[in-house]
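Engineer:
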Amino acid sequence: MTKSRSRDRDRDRDRDRAGSGAGAGSRRRGLAMVDVLIGGVMLSIGLAIILTITGRAVKSQTEGEYMVSAAWLIDERLGLIEMEGPDNYPQLHDMSGSFGAPYEEFSFDVAIDEEEGIGDAYRVAVTVFWPGGGAERAATVETVMAKRMGDVSTQVRMPLEPIDRIGRAFGDEAGGTGGGKIGRA
77 MTKSRSRDRD
87 RDRDRDRAGS
97 GAGAGSRRRG
107 LAMVDVLIGG
117 VMLSIGLAII
127 LTITGRAVKS
137 QTEGEYMVSA
147 AWLIDERLGL
157 IEMEGPDNYP
167 QLHDMSGSFG
177 APYEEFSFDV
187 AIDEEEGIGD
197 AYRVAVTVFW
207 PGGGAERAAT
217 VETVMAKRMG
227 DVSTQVRMPL
237 EPIDRIGRAF
247 GDEAGGTGGG
257 KIGRA
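Be aware that the sequence shown starts at 77, since it is given in the numbering used here, and climbs by one per residue.
See below:
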């Protein structure tokens with residue numbers, strides 16, 4: 077009798093192990109599936125965060141490039157006003173307009189007002205505009221300049237050689253002559 081009980085017990089134990097999918101092996105497969113799903117969700121969240129950060133970085137880089145270009149253009153316009161004299165500039169040049177290639181998307185506005193109490197000084201403000209993310213962006217520099225002394229001529233002065241903006245901005249590979257590069261032999 078003990079042999080038959082022992083056989084019955086062994087048979088019941090084997091049946092429980094083999095079972096109909098409710099045994100320990102089935103539970104391990106279920107846990108592995110949950111681990112895979114959780115890992116996939118975590119990977120998706122991580123990728124979404126990385127893509128968001130990358131998009132913001134590219135936007136910041138582009139905005140920085142526009143701001144540097146705007147600073148160059150403001151400096152160029154202020155140099156022109158200083159060269160012509162703030163009192164002569166309005167008769168010789170436009171007070172607003174667009175820049176030439178390769179800065180076609182930039183425009184400018186110049187304001188020159190006589191400054192009271194400082195003698196022959198003028199308050200000069202140069203604003204450069206550019207498109208940026210659906211709204212127009214701008215940078216303004218304001219300074220005080222004195223009249224130009226000495227040989228005051230109302231003729232438009234031009235450089236001896238044409239200014240190669242494309243070559244300066246993009247180098248020889250962009251079709252520019254490469255002239256006017258600073259610091260290169």
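Where is the CB? At the ideal position from N, CA and C, for every residue including glycine.
Given a cut-off of 8 Å, decide if residue 241 and residue 176 are closer than it, judged by their beta-carbon atoms.
Structural biologist: In contact: residue 176 and residue 241 (Cβ atoms closer than 8 Å).
Engineer: With distances taken from CA atoms, which of 127, 225, 131 and 219 is nearest residue 150?
Structural biologist: Selected option, being the one with the closest Cα: 219.
Engineer: With a threshold of 16 other CB atoms inside 10 Å of the CB of residue 243, please say whether the residue is buried or exposed.
Structural biologist: With 16 or more other Cβ atoms within 10 Å, it is buried.
Engineer: Our contact map puts residue 204 next to residue 184 with C-beta atoms below 8 Å; I'd like the distance itself, whole angstroms only.
Structural biologist: With a Cβ gap of about 5 Å, residue 204 and residue 184 count as contacting.
Engineer: Counting C-beta neighbours from all protein chains within 10 Å, is the total for residue 211 16 or more, i.e. buried, or is it exposed?
Structural biologist: Per the 10 Å Cβ criterion, exposed.
Engineer: Is the beta carbon of residue 180 sitting closer than 8 Å to the one on residue 172?
Structural biologist: Not in contact: residue 180 and residue 172 (Cβ atoms no closer than 8 Å).
Engineer: Using the Cβ count rule (16 or more neighbours within 10 Å means buried), how would you classify residue 160?
Structural biologist: Answer is buried; the Cβ neighbour count reaches 16.
Engineer: What did DSSP end up calling residue 207 once you bin it into helix, strand or coil?
Structural biologist: Here residue 207 sits in strand by DSSP.
Engineer: DSSP puts residue 155 in a beta bridge; with which residues?
Structural biologist: Per DSSP, none; premise fails for residue 155.
Engineer: Hey, residue 162 and residue 221: beta-carbon distance below 8 Å or not?
Structural biologist: Result yes, Cβ atoms of residue 162 and residue 221 sit closer than 8 Å.
Engineer: For a test of the three-state rule: what should DSSP assign to residue 121, helix, strand or coil?
Structural biologist: Helix, per DSSP.
Engineer: Smallest Cα separation from residue 154: which of 125, 138, 132 and 198?
Structural biologist: Ranking 125, 138, 132 and 198 by Cα distance to residue 154 puts 198 first.
Engineer: Strictly by DSSP, which residues pair up with residue 241?
Structural biologist: None, per the DSSP bridge assignment.
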